[in-house]
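Undergrad:
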Amino acid sequence: ESRYFFTLFVFYILLTAVQAVVARGSFHWNEVMVFRCIVIGLCSPLIWTRKLWYHWLATAAVLLCATYLLFGIAWH
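Residue numbering for the sequence shown follows our numbering, starting at 3 and increasing by one per position.
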């Protein structure tokens with residue numbers, strides 16, 4: 003079922019990016035959009051691979067991105 007989970011996860015992040023573009027009226031590179039693209043790029047291969055080391059790498063990277071964004075929002 004991990005295939006379905008990561009498909010839905012990537013699709014959700016992609017939809018949040020599309021929603022941000024629609025809300026602004028055009029595509030703008032900002033910090034959050036960059037992190038969305040990083041998460042999509044890291045998690046898309048998880049749909050097809052079962053390599054444990056890659057799952058851990060993607061988990062750590064997504065956790066770092068989320069932590070950075072959460073603390074960045076708190077500091078602004």
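Heads up, the beta-carbon is just placed ideally off N, CA and C, and yes, glycines get one too.
Under a three-way DSSP split, which group does Arg52 fall into?
TA: Residue 52 sits at position 50 when you count from the first residue of the sequence shown. Reduced to three states, the DSSP call for Arg52 is coil.
Undergrad: Using the three-state DSSP reduction, which class does Ser46 fall into: helix, strand or coil?
TA: Locating residue 46 in the sequence shown gives position 44, counting from the first residue. Correct three-state label for Ser46: helix.
Undergrad: Just the Cα atoms here: how many angstroms apart are Ile40 and Ala68?
TA: Here residue 40 refers to the residue found at position 38 of the sequence shown. Here residue 68 refers to the residue found at position 66 of the sequence shown. Straight-line Cα distance between these residues: approximately 11 Å.
Undergrad: Ala29 and Val36: beta carbons closer than 7 Å?
TA: As a working mapping, residue 29 is identified with position 27 in the sequence shown. As a working mapping, residue 36 is identified with position 34 in the sequence shown. It should be pointed out that residue 29 corresponds to Phe in this sequence rather than to Ala. Contact: no.
Undergrad: Look at Cys45 and Val12 and say whether their C-beta atoms are less than 7 Å apart.
TA: Position 43 of the sequence shown holds residue 45. Position 10 of the sequence shown holds residue 12. Yes, these two residues count as a Cβ contact at 7 Å.
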